[in-house]
Every structure is written in structure tokens, then in C-alpha cells.
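Which chain is which? The protein sequence lines are A and G, in order.
Be aware that the first sequence starts at 11, since it is given in this note's numbering, and climbs by one per residue.
Be aware that the second sequence starts at 19, since it is given in this note's numbering, and climbs by one per residue.
Glycine included, each C-beta is placed from N, C-alpha and C at the ideal position.
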Amino acid sequence: MSPTLTSAALRPRTAEPAGASVRGLCLGAVLCVLVAGCTGATPAATTQTPAAANTQAAASGVSQTLIDAARKEGAVVWYTSVETSVAEEVARKFEAKYAGVKVEVNRTGSERVMQRVLQEAQASVKAVDVIHTSDAGNFVDLKDRNMLAKYVPAAVEKYPTNFKNADGFYFVWRSSMSVPAYNPKLIPAQDTPRTWQDLLDPKWKGKMVSAHPSYSGTIVTWEAAITDLYKSDFLESLAKQDVMLVQSAQDPVTKVTSGERPLAINGTDYSYFVDKKKGNPVEVIYPTDGSPLVTSPSAIAVDAPHPNAARLFTEYLFDMEAQQTLVDDGLYSGHPDVKYPADRKKLTDLKLLTEDDLKLQQQAEELKKTFTQAFGA
Amino acid sequence: MIGPAGPALRLGPALSTAWGRRLDLSAPVWALVAAFLAILVGLPLAFVFGTSLQTAQLTPSLANYAAAFTDRDLLQPILVSLGVGLGVGGLSVLAGAPMGWLVARTDLPGKRVIRNLVLASFVTPPFLGAFCWTLLAGPNAGLINTFWKDLTHSATPLFNIYSVGGLIFVTALYCFPFAFALVTNALELISSDAEDAANGLGAGPLRTGFTITLPLVMPAILSGFILAFLQALTEFGPPAILALPAGFHTMTTRIWALFQVPPRLEVAAAYSVPMLAVSVLLLGLQKRLLARRGYATVLGKSVARRPIGLGWTALPALVLCYGVLSLSIFLPYFILIRAAVSRAWAQPLTLANFTLDNFGFALFGYGATVQAIGNTVRLGLLTASVGTVLAVTLAYVVNRRAIGIAPLVSALATAPLAVPGIVLAVGLFLAYTRPPLVLYGTLWILFVAYLTRELPVGFAQTVNTMRSIHVELEEASRILGGTALRTLRDITVPLARTGVAATWCFVFIGAIRELSASILLFTSQSRVISVVIYDLKEEGKWEVISVLGVLLLVCTFAIVAVVNQLGGRASSPQVERWNR
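Written as C-alpha cells, this is what we have:
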């Protein structure tokens, strides 16, 4: 961990006493760890032994009893907002490690995950075991409705405090940035926007795409950060630019690489990273006035039909293997031992905009309304 | 719950007389079927009305209706939907009516092929068509637009599919078969005497067409307009794919959006009511249109007639037909197949860009598809089987007047036609997410939705089939002591076999492509192909969608081929209509 980088340097809010962020996943310290991991300063733990799991509270850690109980249940149902192939990759690796426990992946946008969880609860349908979205506010909401089970996976002990809900209900599984990107075949690098305000230049009219906060938790977080920075007037000006609207934060990249819209306003940086690696024409822009950081928690449903499989899967999610998988796919992790790809952007180089979960929960409804009214749908 | 109880009570007298007359199990079975039907159709609608008149706190209120008609976000989609409906109705008639006339009345070469291709447009799921058209006519990357820009060095696209015009255009491509079928049907029933007379008096084909034929088929044309209008009004897929990216809603997408967090189900219910009202009114109007004219010259039997010689005008006629079909079938299917085997659909299809990995990922790598294919097939089989049995029973009741409630049964079986899929889904969601009957979270709620939606089609089809069977055979069975049920089983059903099989196939096709109701009713355990395609669309996984789309089409056409085989051998009117 880079000792010169204090959390206070990144975000004033972290100067508050630790008690103040009991609910909020206050992200200053998160960044500190992310940054440390990203710089590769910490040697990576190459293997993960069950022994590493013995420091937590009694319920936590992977015991043979837990594995057996999970096998008996046979499956874990995962509602997740992480990109489909990442979700499938994590699921397959888990299944390889714990034969006999199948992962049912249900991937959709954060707000749709939330919609399903709430609708199913209303109908007393008990389907979901593990819930993961990119709208940290969802978890405040779910916890307030007593819909989350308390469970602290062993590995999060190594995570920075602010990656954790202090009450032990949810933890940040992954982190990413919602920033612009462009197609270098269609826009020369020197012409690209540098700041969020640059997007209001008339030359981008009809050339941009945005994802939607009614679908994507990433975009809820993005909108909250942008509104903090420039008030909602910015959105209204942006809406006059004839912006194409897609739903998922994964979709802008497909519009950029296909050339349908050469410039993406938001989306998510790991999709750009992965697509660029595949050889597609896309370059990320980190605006000088700030990059919104998105934190995506994971939790176990209180009515989980496969509670033991849910615990085992949660242990796995926060452990080294899954976290390294995420990092290889361009995401940022709270695990101190992960090794970032050499070509991954270092968070130390960026000005980050952060939001806390409590505030997101309070503002989400208003943010969605503002967006819909500004953009028309 | 007034809906289901009312008809069930009214069954009383009819039941007792029926029971007194013939001591067999038929009457109670009919009564049960009628009661089942009443609940099937009535319950969801009762919930829509009930919920629309409540606040979230369950106090009676008209506030939801007030919101639906004053809130700008809700009012505007109503206007958009009506505009789109009018546009689609108009375009459908402009394309479908002339094509119908050409196929029914002229010596146009390859008429059978054209008929089959129109049928192919009809069974293509509109959401798939809309998806293909985003690849074809997206303003910047769409294949047609890039071609146009290369050709003309123009900076502006030829056509932007993400617009009201684009939505009208695409929806019309899959609605024009209504106008086509109605006009063809009408023309085949009209004697050509009047036209021959006009010709004999020196009128050219054009003049004859406009002064004689057009007025005769006007009711059919208006009817086609109304059906296309309604289809456009109630369609969810095309607006979700084409309107939302452009920043506007239609009524269906708005209803769907009202289910999003934070949900406003009461408003969704109230907002469904005007849609239902328009639908009921227009279908009533259409029925009157067709009934009022009475077709004095329509003899009800096909008559031999001399086809109009087109001469050199066959060429522009073929251009018209194949032009429309290129837009609805050839171009979309081409781009779909191309995307299914591409690494990146927008890049040229070179060897480096060619791949079969999409098939691997879609079928094996993506957990949701395997489950969804299983669910879709299961639901298709179940809906088609139960639906056909139900339709046959109902058609038998109505046709043979087994009990005195035939008109009621007929009305109930046809009623779902007037209930837009998404409105039905709102009702089913409200009705079956709470005790005593929690179907939400299972395949059963989708089954109920599909059964309800497909019932009118199946019913109409089997009624036609039944009509073609002589009642004397059944009477012989009854005279020899067979009960009504036994007669149905041993006489009527075997005679109607091919028609019934065709019904099964049509219901199956309807069920496997359903999206507008499924989109509100599915859960993680009950995903179907259409919903998975929609989910993938939102994530931009276009190549995978193309694979699933290709599979869906292959499956659909395999079934259509079966219907065609049946139709070739037997007397199913609906199939014959397409095949003649």
C-alpha cells in the first residue's frame, strides 16, 4: 500500500471520524486500497488457502460443513448486474472449485435486479440467494426492509473498512468508473473532449450515447456525481445534444465500436477495457474535472432458498480467485492482494468523484425522474 | 370479483335444463369450461379496474386516472401511440391492399410464393424485425446508411430508424399482412361479374379497380387498417427497441416503465384502461364494418373468375411486392444471419470476422439460454395442447349449440382479442402475485397469459373447421346413444383433425414468440427466449441475440411448414387462405 496516499488527500469526507460512515461506504479509504493494488505495490497472494478464513466471526469462512451443506442444496441463485460474460466466468470457476453447487446467473441492470427482488418479495416468491448491483443505495433500501441476511465473508477482513457495511450486511464486491469513451477511428485523439463541459460542444450533437439510470445502477451513481459537480442544468444541456439512449452501462461500448455513436457519455470503464483488448476501436476518456467512481455491493437475501450455498458463494466472491478474475476483466477490487494488468489505469492519476450509499438511496428516485424528464424517456 | 361470479351464477337455469334433457356429463363439463373461461378472462381485468381505482394505501381514488391524463410524461405517450397507430394502419393498407388485390385478382407470376412470404412476415416476431432494422438503418452504423454515405459522400443518413417515422415503418412491415389477408379473403369471395360488366362496357382495369373493386373491398380495407392500428398500439418490442433510444415513450413502454423501481402499479392499471377502451371500441367498429355491408355481391363461395391480365404492368407490380417483402423479410434476415456469424456485426464479413463462437456462447456459455429454451418449448407445448383442447371444446359448444350459453361462450373466447398483451400482463401480475393463487414466480402465470392471448386465434380457427363438418354425422352418433362428449371425441375431433392440428401449430407459434406480456411476468426461474433476447438487447450483445433470433425463426418456420403440409391435404380455412 502506498503510504504517501492518505485517504484524506483523495476525499475530504474521510476526515470524518470512522463512526460517521457507519452506513455510508465512504470511499476515500476504498480508493486508497484500490490505488495501492493498482500500483502493484503489494505482492499478490498466489494461492488462497482455507486457513486464511479463520480470523473472522464463527459463522464465517469456508468449512467442510459449509461445503457439504451447500452441496446438499445443490445450487445458488445469483441476481447480478456485472457484465454477462464476467458473471458467467465467475460462476463457472466457482462450479469448478465446488463441484455439485450450480450457479444460476441472472444478469440484468441494477435497477431491474432491484425491481425483481422487490416484486418477488411482494409475491412471497423466494428465489434469490445472492444480490449484487451497482447502485449502493439499493442495499440501504433492502437492509431497511429487512430483506438482507447478515453475513461477513472471511476475506473481507483484509478489505478496507469502508468497503464494508459496518453492520455486516453488505460489502463492495467490485468497483469501476463511469466515464466517456470514443471511437479512435472516427474521432482523432486531439479532438476528443477533455472535461464533462466539453460534451456540451455543438459538434457532438447527434454523436453521443448514454445509458439509463432507470436500468443501470452505474448510471445512477454517475448521475449523482455529475449533478454534484454541475447541478442538473448540465443534464438538461446535455439532453439538447440529441443523445441516443441505451439501457445498460454495458451497451454504450457497442454503440461506440460499431460507430453508431462515436462518443459515449458514460457507460462503464471495464467494458471499454475489455473491448479494446479484443481489438475493437475504443479509447477511454478520464475527464480532468473528475471520474465518477461506482461501487457495487453484494449481499445475501434474508429469505435465500439456498442459504448455505449463498454463504459459500459469497465467501468465494470476495476471495482472491474471484477478485483476481474481476481485476483481469478491468474492474477494481478491495482485495489487497490482487494484481492489476499492466495496462490498467492507475487510480492515483485520476481525480475521482465518489458518492455514498445512503445519499444514493435518498436521491435515486429524484435522479431517475430528472433524467427521464430531461431526455424524454 | 364481479367478473367471474356473474356468468357462473347465470349458468344455473341453462345447466338444469341441459341436465334434465340428457343425462350425461356434458352439461357440467360445458359449465365448468364456461366458468373457467370467465375467470381466465375476467379476473385479470377485474384487478386492472379495481387497482386503478385505488391509491397505494388501498383507499378509493380517481387520482390515478387524473395522473394518466394530466401528467405530461403519461399524456404524451398516448398521443405518440395514437399517431404511430394511424401511421401503421395507413402504411399497412397502402402496402397490403394492392398486394392482396394483385395476388387475388391478377395473373401476377409466383403468387403462391408471395403469399408464403407474406405469411413469413406475419410470423416474424416484430421485436426481432425491429432489432434487425437497428442494424440496417441505425443512422451512423446501419448498413444501409453506411452504404448510402459511401455512395453519396453525404454526412447525413438516408434514414434514422430511431424516430417516430422509423417506428411506424418497422411496425407496419409486420402489420401489413392483416390488410393483405383481409383484402385477399374478401376478393376471393366476391364474384367478378360486376368487374366483368365494367370491363365489357369499356372501362380499363384501373377504372374498374377504383369504381367497382375498391368500394366492394372497402370494409375489408378499413378492417385491415383497424387491426394494424391495434397491433401497433399494443406492440411492446418495436417501441422498446426504437423509441426509447430516441427519447420517447409509447403507451406500452410507459406501462412497462411504471413497473420499474419505484413501482407505480396503480397508475399502470389506470393507464391500461384507455388502451383497453380504444381496443374494445375499435374491434367493435371493425365487426360492425364487416357485418353492415353484408356483401350483397359476396356469395360466400369462391367462384371461378378470369384473372386480370397485367401485361407489362406485371413488372412494377412485382417490384412493389418484392420491395415490401425485401424490407420485411430479405434484408432483416440477411443482417440477422450475418450478425450471427460475425465477431463484430458492423465490420465487413471477412474470414477474420467470421465465427461460430456466438452459437457456442448463446447455446452453452450463457446459462440463461438453456433454461429459457426449455421454458419456451415447455410453455409452447403446454399452451398449444391445452389451448387446442379448450378451443375445440368451445367451438363445439358454440357451433353445435350444446347449451344455451353459446353466445356468452363465444364472446368470452373472443374477448382477449381486445385485451392488449401488456394490459393483460398488468392484470395477471396484480391478480396472481397475492394469495390465494400465487402464480408469479412460476411458469404458470406465463401459461395463463399465453393461453388467454392465444385463445381467440385458436377459437376462430376451430370454429371455422367445425363449420366445415357436417352435423349429420354427429347426430347419427347421438341417435345411436353416444353422449355429447363421446361424440366430440369419436366423431367430431377425428374429422376435424387437420384443422385442429393447424390450430395447435398456430397457438404454438404465438406462444414461443410472445414478448409484451412476458416482459412483465417473468422471473429468474421463468425466463423465456423472447425475454432473454430483450435482456441481451439492453446489454448490447447483438451477435448472441442474432443466434437466438435465427433459432426462433428456424423453429417457427419448421412449424409453419408442418401447417402447410396439413393445409395441402385438408380443409383448414385459415391455412387454405394462405395457400390458395
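For N158(G), the residues of chain A that pass the 7 Å Cβ criterion are G269, E270 and R271, in the order they occur in the chain. Counting the other Cβ atoms within 10 Å of the Cβ of E556(G) gives 16 or more, which makes it buried. In the displayed model, M218(A) falls within a strand according to three-state DSSP. Considered as a whole, the stretch 327-360 of chain G harbours 332-343 and 349-358 as its complete alpha helix (DSSP H) runs of no fewer than 4 residues, in chain order. Straight through space, the alpha carbons of L251(G) and F524(G) are spaced by roughly 22 Å.
Counting C-beta pairs closer than 8 Å gives fewer than three between the stretch 203-213 of chain G and the stretch 63-76 of chain G, which falls short of the contact rule. Within 7 Å of the CB of F385(A), the CB atoms of chain G belong to G265, in sequence order along the chain. Residues of the stretch 546-560 of chain G with a C-beta less than 9 Å from any C-beta of chain A: D553, L554, K555, E556, E557, G558, K559 and W560, listed in chain order.
Beta-bridge analysis with DSSP links M187(A) to L303(A).
For Y89(A), the enclosing beta strand (DSSP E) covers residues A85 to T90. Neighbourhood of D261(A) in chain G, by CB distance below 7 Å: E556, E557 and G558, in chain order. Between Q75(G) and chain A, the shortest Cβ-Cβ separation is not below 7 Å. Residues L126 and P127 of the same chain have their beta carbon placed closer than 7 Å to that of A332(G), with the five preceding and five following residues left out of the count. One finds nothing in chain A with a Cβ atom closer than 7 Å to the Cβ of Q72(G); even the nearest lies about 15 Å away.
Shown in chain order are the members of the stretch 123-148 of chain A whose Cβ falls below 8 Å from a Cβ of chain G: M124, Q125, R126, L128, Q129, E130, Q132, A133, S134, V135, A137 and V138. For P350(G), no Cβ of chain A is located within less than 7 Å of the residue's own Cβ.
For D91(G), the chain A residues whose Cβ falls inside 8 Å of its Cβ are T382 and Q383, in order along the chain.
At least one CB of chain G lies nearer than 7 Å to the CB of N116(A).
For the pair A85(A) and K112(A), the CB atoms are nearer than the 7 Å cut-off. Of the other Cβ atoms in all chains shown, 16 or more fall within 10 Å of the Cβ of L446(G); this residue is therefore buried. About 5 Å separates the beta carbon of I551(G) from that of L566(G), a gap short enough to meet the 8 Å contact definition.
Close to M254(A), with beta-carbon spacing below 8 Å, are these residues of chain G in chain order: Y180, P263 and A264. For Y240(A), the secondary structure class from DSSP, reduced to helix, strand or coil, is helix. Counting along the chain, no alpha helix (DSSP H) covers R117(A); the unbroken beta strand (DSSP E) around it starts and ends at K112 to R117. Comparing alpha-carbon positions, the option among L362(A), A311(A) and D313(A) lying closest to P297(A) turns out to be L362(A). Counting only Cβ-Cβ distances below 8 Å, N290(A) has contacts in chain G at A362, in chain order. Taking CB atoms only, V188(G) has no neighbour in chain A less than 7 Å away.
With contacts defined by Cβ atoms closer than 7 Å, A287(G) and Y180(G) do not form a contacting pair. Rounded to the nearest whole angstrom, the CA to CA distance from L294(G) to A235(A) is 42 Å.
Counted as a single uninterrupted DSSP element, the alpha helix (DSSP H) harbouring I537(G) occupies residues S536 to L539. Sorting T202(G), L300(G), E284(G) and V407(G) by C-alpha distance to the C-alpha of R130(G) places T202(G) at the top.
For R272(G), the number of other beta carbons within 10 angstroms of its own is at least 16, and it is reported as buried. Here P292(G) carries a helix assignment [DSSP, helix/strand/coil]. By the neighbour-count criterion, in which 16 or more other beta carbons inside 10 Å mark a residue as buried, I463(G) falls on the buried side. Using a Cβ-Cβ cut-off of 7 Å, S258(A) counts as an interface residue toward chain G, since at least one Cβ of chain G sits closer than that to its own.
When 9 Å is used as the limit between beta carbons, T237(A) is near no residue of chain G, the shortest such separation being about 19 Å.
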